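Residue numbers (our numbering), protein chains in the order written: chain F, 88 to 896; chain A, -15 to 88.
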């Protein structure tokens, strides 16, 4: 028997909750939605572009009326709920009808706060909140000339901009002496005011309205300083007021809004509430990102999964005025305990300020160049320690060594035909059109529909910027925590902590104990969980949860064949080794061979069923797997060093072989490469490896976190040591710390950027006991890993994996 | 005319895994679900003909190893925002032996 769910308020937060609920439990409830407005659910944050003639109402509809029909949701529009009977569990509408509920969701949103001024009830005095307000503004603009907007905040400036686009002469009246004082500090606010004045907007700063003048219709405003201004239209944009009268009259506890717990429950356990009408931990929200997070949590509880909690949202703001780039987040004023970094180029109209507390970003204001807003915001939420790049952080993420997209990060200035995603060949125009046509809100949506940033991920930042630019600003993707995949709401760190804390031993225990939403998980969480389990228990292996490359110990190619790369320690080889490889290649008619960048030999085009026999021959000749296919230690590149090179300072090949002997076979969060250069000329390119050694006359410099791939990143210098033994100890300790701390599929470079180099130094440079303990754990983990998987299979293990079943017919 | 081809004992197919069946014309992937439900699907992703048999199985779908398309093993249809379809075949289990209805 289905239960009845009634939603009061057909807006973005409530309907998002219904959509999330339908994803989780499509059959649980008979759903009825009451909406005051005579429309489906539209995207309220896009009203400014509608007013500015940049979008139409149809373009901003999220759920049109057909959607309600298709999803079996009853929409009662244009009918207001006037009473909630909690004892009888029913709601009473304006027209007297009653509707029973088992669960009630209140999402009544907010209204414009109207200043209680004399004359505020005159015709032509409105707020800026819904389609009706926009219609009034557009109609007024057809007949009248002069508009005044009271309020120089985000909404007021967007309204003023829209009215100017409608051809009106607009004056913004603001109580304070700088604009958007809740989001901007004075220098940025002055620059904003100057740009808006250039566009033709007028300002009366430091003005308090005393009275609204006119007969039936407004004709002007009078200020407390005695001056007056003419106005045919007055828009009040001084803030929003949560709509909680209905809830309050039903006896629900309300303060500034409807008070809810972390599960979005009101004081009546059958009644939930989300959106702008809600007060959570003392805070009310007027931006979309937090409302969507709340909707997700409420849906989780309505579906009776009962595991999600809303813990508040750190919000960021962008202004949706075309041609003006502005970003603000967190505490941008700072106090006695904070440092500020400021970049100010007045002639070019660029201002950036970052506020740091203990080397962690706590606030940011960007004006003119906002491309790095999402990056700063992410670091703010991750509480990344930025001490290692504090000197350059203001120049942006591109300055950290982003060779891939450094020059093309200004998405707004890009042409529609410019390519964003190089892997999948998706250009800007296609992404923007998909976002608009298919009404996409999140990075995951864009990935699913366009494939942009779905492969290597290096253009993720660009796609996020495009989302922000296209949707307009106050929606900021990047939720405060990113779940591992759609099967769970838990993050990588939370899953890992769960495995450790609860001592979970296998996939089934993880999914059961951590409340997975799917029985078997999916390709994403199964591989990640498998890694976390084998990191805890080195003997653990579930072949069906590993990517085919790691199951078949070869690299699958586009035609379904495999490649085979035997390990050549340190790149060293003998004529006998080469002859053995040549013999194998002849015997199995290998179509193509190549010397790899990792100093070994790759054989391509091998059929799966040939693999075990080929490995047997290679194994007999003394080779082991090169793990060229795995999220694993790959190679240790070396230069010749002092045995031959006239510049060499140490035995770099010898050390490279020792490092490879220590680390080969190790499963890692992602691929992992080492190199040893015999002198600072660095022929082995050690400074773009995960762990690089540069030999100098007096010892060995150790470098970590380099990457020559998607995004070139030069290593961070870790420490200089005197002996090979110390190099090996650091190599093992660093590898193990990475294995235990990084997320699955996170290479050392982004890992170090996320957690900060200081954390690595604290763990393995400054704490000798911990370094030795990590090194020991690494050696323990290596025992099962260094039993060559090729030999095991050549000797008959997992034969079914490699043998096809042949039938005739 | 249709006839049933004997393929393999069920226990020779890993749970949440697959075996490849080579017929005269094409390769067919046989998957075994957690509840010993068995699926047969043409071993070729509708996207770029990746071998679905080599993918990771979950629920009643498989993720292609080449570009992560998810394919429904009941219908052969691509799931999510992707569009495409590949052939599926009937199977049955008798006395622990998996049979495939001949596509010919």
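All C-beta atoms in this analysis are idealised placements derived from N, C-alpha and C, irrespective of residue type, glycine included.
Computed from a predicted model, the values in this text were never measured in an experiment.
Using the rule of at least 16 other Cβ atoms within 10 Å of the residue's Cβ for burial, across every protein chain shown, is residue i buried or exposed?
i                      : result
residue 339 of chain F : buried
residue 768 of chain F : exposed
residue 563 of chain F : Note that residue 563 of chain F scores 49 on pLDDT, short of 50, meaning its location in the model is unreliable; the coordinates nonetheless yield the value given after this. Its Cβ being crowded by 16 or more others within 10 Å, residue 563 of chain F is buried.
residue 269 of chain F : exposed
residue 733 of chain F : exposed
residue 266 of chain F : buried
residue 466 of chain F : buried
residue -8 of chain A  : buried
residue 829 of chain F : buried
residue 125 of chain F : exposed
residue 393 of chain F : exposed
residue 789 of chain F : buried
residue 699 of chain F : buried
Between residue i and residue j, what straight-line distance do the alpha-carbon atoms span, to the nearest angstrom?
i                      : j                      : result
residue 689 of chain F : residue 706 of chain F : 16 Å
residue 831 of chain F : residue 571 of chain F : 10 Å
residue 781 of chain F : residue 801 of chain F : 13 Å
residue 274 of chain F : residue 438 of chain F : 8 Å
residue 242 of chain F : residue 224 of chain F : 14 Å
residue 384 of chain F : residue 196 of chain F : 17 Å
residue 471 of chain F : residue 387 of chain F : 30 Å
residue 304 of chain F : residue 556 of chain F : 38 Å
residue 772 of chain F : residue 762 of chain F : 7 Å
residue 334 of chain F : residue 182 of chain F : 19 Å
residue 591 of chain F : residue 843 of chain F : 29 Å
residue 61 of chain A  : residue 70 of chain A  : 7 Å
residue 96 of chain F  : residue 192 of chain F : 9 Å
residue 678 of chain F : residue 536 of chain F : 37 Å
residue 670 of chain F : residue 660 of chain F : 15 Å
residue 867 of chain F : residue 625 of chain F : 8 Å
residue 8 of chain A   : residue 86 of chain A  : 11 Å
residue 550 of chain F : residue 483 of chain F : 17 Å
residue 151 of chain F : residue 123 of chain F : 15 Å
residue 455 of chain F : residue 413 of chain F : 6 Å
residue 66 of chain A  : residue 331 of chain F : 43 Å
residue 650 of chain F : residue 395 of chain F : 44 Å
So which residues on chain A does residue i lean against when the C-beta distance must stay under 9 Å?
i                      : result
residue 632 of chain F : 0 and 40
For residue i, go through chain F and note every residue whose CB falls closer than 9 Å to its CB, in chain order.
i                     : result
residue 85 of chain A : What residue 85 of chain A touches in chain F: nothing, since even the nearest Cβ is about 10 Å away.
residue 7 of chain A  : 893, 894, 895 and 896
Near residue i, which residues of its chain fall below 6 Å by C-beta distance, leaving aside the five closest residues on each side in sequence?
i                      : result
residue 408 of chain F : 248
residue 619 of chain F : 583 and 586
residue 630 of chain F : 638
residue 233 of chain F : 256, 317, 318 and 319
residue 91 of chain F  : 117, 187, 188 and 189
residue 490 of chain F : Annotation note: pLDDT 37 at residue 490 of chain F (below 50); position unreliable, coordinate value reported separately. Around residue 490 of chain F: 799.
residue 205 of chain F : 298
residue 161 of chain F : 119
Near residue i, what residues of its chain come up, given a Cβ to Cβ distance below 7 Å and the 5 sequence neighbours on each side ignored?
i                      : result
residue 697 of chain F : 675
residue 48 of chain A  : 29, 31, 34, 36, 39 and 55
residue 158 of chain F : 109
residue 425 of chain F : 442, 443, 444 and 449
residue 738 of chain F : 728, 729 and 730
residue 920 of chain F : As shown, chain F starts at 88 and ends at 896. That puts residue 920 of chain F outside it, with no answer to give.
Within a Cβ cutoff of 8 Å, which residues of the same chain sit near residue i, ignoring the five residues on either side of it in sequence?
i                      : result
residue 825 of chain F : 755, 756, 759, 777, 835 and 838
residue 648 of chain F : 691, 692, 693, 694 and 695
residue 354 of chain F : 339, 340 and 346
residue 735 of chain F : 726, 727, 728, 729, 765, 766 and 782
Can you list the residues of chain A that residue i reaches, using a CB-CB cut of under 8 Å?
i                      : result
residue 110 of chain F : Those within 8 Å of residue 110 of chain F in chain A number zero; the least Cβ separation is about 13 Å.
residue 757 of chain F : Here the premise fails: no neighbours, minimum Cβ distance about 17 Å.
By the criterion of Cβ-Cβ separation under 8 Å, what are the contact partners of residue i in chain F?
i                     : result
residue 92 of chain A : No answer is possible for residue 92 of chain A: the residues shown for chain A start at -15 and end at 88.
residue 47 of chain A : 609 and 610
Can you list the residues of chain F that residue i reaches, using a CB-CB cut of under 7 Å?
i                     : result
residue 65 of chain A : 535 and 536
residue 43 of chain A : 605, 606 and 607
How would you list, in chain order, the residues of chain A whose beta-carbon sits under 7 Å from the beta-carbon of residue i?
i                      : result
residue 518 of chain F : Those do not exist, as residue 518 of chain F stays about 13 Å from chain A at its closest Cβ, beyond 7 Å.
Determine contact between the region 429 to 438 of chain F and the region 519 to 526 of chain F, defined as no fewer than three beta-carbon pairs at a distance below 8 Å.
Because the criterion of three Cβ pairs below 8 Å is not met, the region 429 to 438 of chain F and the region 519 to 526 of chain F do not touch.
Decide if the region 354 to 373 of chain F is in contact with the region 311 to 331 of chain F; the criterion is three or more beta carbon pairs, one per stretch, under 8 Å apart.
yes
Does the region 282 to 289 of chain F come into contact with the region 172 to 179 of chain F, if we say contact requires no fewer than three beta-carbon pairs (one atom in each stretch) closer than 8 Å?
no
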